[in-house]
Amino acid sequence: GAVVSQHPSRVICKSGTSVKIECRSLDFQATTMFWYRQFPKQSLMLMATSNEGSKATYEQGVEKDKFLINHASLTLSTLTVTSAHPEDSSFYICSARRGLSGANVLTFGAGSRLTVL
Amino acid sequence: ELKVEQNPLFLSMQEGKNYTIYCNYSTTSDRLYWYRQDPGKSLESLFVLLSNGAVKQEGRLMASLDTKARLSTLHITAAVHDLSATYFCAVDMQGAQKLVFGQGTRLTINP
């Protein structure tokens, strides 16, 4: 089955530093990847849609200079939280969409819990 | 703007009982997904419903979709403790190829 690997699973950093989270599709090529953010006991909020070889599409209210997304290959997308602050602490989840048409079936990564001190 | 609302948001029930979680959405869509999330974990896909009248069952869970009513249900039969989790429905935003999630239903099943 489709597997998405997300790394790191947990990261603690100091305020002002940048953190990179990787999302890899292990056994399929993902034309589109999605990045979500989830606060404790809340739903998933879509941050951006990442398409291989093109710029990411950010949702309204998401700062593209703050959350840098790169989708350099069909199997890898990265999210970099730049100059992180405590309010950026959250659970970040990536998902990958297989194929170009049909049902929007997503495979989710295990998530990355970011804590900014 | 597509809105997805789940009901109830919290559900505490006893083992052996039946219950239903409802998912309403605001605009036309014929694709709906159910996911399970355990504490501190990511999402696990449960059901993919792709047409009006679709019904899918897996073990004690059964999901259905009524696109005319813009409603999906997740029915739990004879609940067991292992089903305790948060359940999310998500709806495909037509033309945008992205999912909009409901708020989630936190289900606790007591022995």
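Chains W and P supply the protein sequences, listed in that same order.
Using the numbering used here, the first residue of the first sequence is number 1, and each one after it goes up by one.
Using the numbering used here, the first residue of the second sequence is number 1001, and each one after it goes up by one.
The beta carbon of each residue, even a glycine, is placed where N, CA and C say it ideally should be.
Which term fits residue i, buried or exposed, when burial requires 16 or more other beta carbons within 10 angstroms of its beta carbon?
i         : result
W/Thr107  : buried
P/Asp1081 : The sequence shown places His at residue 1081 of chain P, not Asp. Classification for P/His1081: exposed.
P/Arg1031 : buried
W/His71   : buried
W/Asp88   : buried
W/Ser32   : The question names Ser, but residue 32 of chain W in the sequence shown is Thr. So W/Thr32 ends up on the buried side.
W/Gln6    : buried
P/Leu1043 : buried
W/Phe67   : buried
W/Phe39   : exposed
P/Leu1046 : buried
W/Leu117  : exposed
P/Phe1088 : buried
P/Ala1069 : exposed
Listing by chain order, which chain P residues have their CB less than 8 Å from the CB of residue i?
i        : result
W/Val105 : Tyr1033, Ser1045, Val1048
Along chain W, which residues have their Cβ under 7 Å away from the Cβ of residue i?
i         : result
P/Gly1104 : Ser43
P/Phe1101 : Ser43, Leu44
Who are the near neighbours of residue i in its chain, counting only those whose CB is closer than 6 Å to its CB and skipping five residues on each side?
i         : result
P/Ala1090 : Tyr1033, Leu1099, Phe1101
P/Leu1065 : Leu1032, Leu1049, Ala1054, Ser1072
W/Ala56   : Ala48, Ser50, Ile69
W/Lys14   : Leu117
P/Asn1018 : Thr1077
W/Gly58   : Per the sequence shown, residue 58 of chain W should be read as Tyr rather than Gly. For W/Tyr58, where only same-chain residues beyond five positions count, the Cβ hits under 6 Å are Ala48, Lys64.
P/Asn1052 : Thr1067
For a contact meaning CB atoms closer than 8 Å, what does residue i contact in chain W?
i         : result
P/Lys1098 : Phe34, Leu46, Thr49, Asn104
If I follow the unbroken beta strand (DSSP E) through residue i, where does it start and stop?
i         : result
P/Ser1029 : P/Ser1029 -> no beta strand (DSSP E), and no H or E assigned at all.
P/Leu1070 : Before going on, a small fix: residue 1070 of chain P reads as Arg here, not Leu. Note, P/Arg1070: premise wrong, no beta strand (DSSP E); not H, not E.
P/Arg1060 : It is not in any beta strand (DSSP E) - P/Arg1060 carries neither H nor E in the DSSP assignment.
P/Asn1007 : 1004-1007
W/Thr17   : It is not in any beta strand (DSSP E) - W/Thr17 carries neither H nor E in the DSSP assignment.
P/Ala1085 : 1085-1093
For residue i, which residues in chain P fall below 9 Å Cβ to Cβ?
i        : result
W/Gly109 : Ser1042
W/Ile93  : Ser1042, Leu1043
Kindly list, in the order they appear in chain W, the residues whose Cβ is closer than 9 Å to that of residue i.
i         : result
P/Phe1088 : Ser43, Leu44
CB of residue i to nearest heavy atom of the ligand FMN: below 7 Å?
i       : result
W/Ser77 : No copy of the ligand FMN appears in this structure; indeed no ligand is present at all.
At 3 residues or longer, and completely inside the stretch 23-98 of chain W: list those beta strand (DSSP E) runs for me, N to C.
30-38, 44-51, 67-73, 76-81, 90-98
Start-end ranges of the beta strand (DSSP E) lying completely within the stretch 1031-1056 of chain P, minimum 3 residues:
1032-1037, 1043-1049
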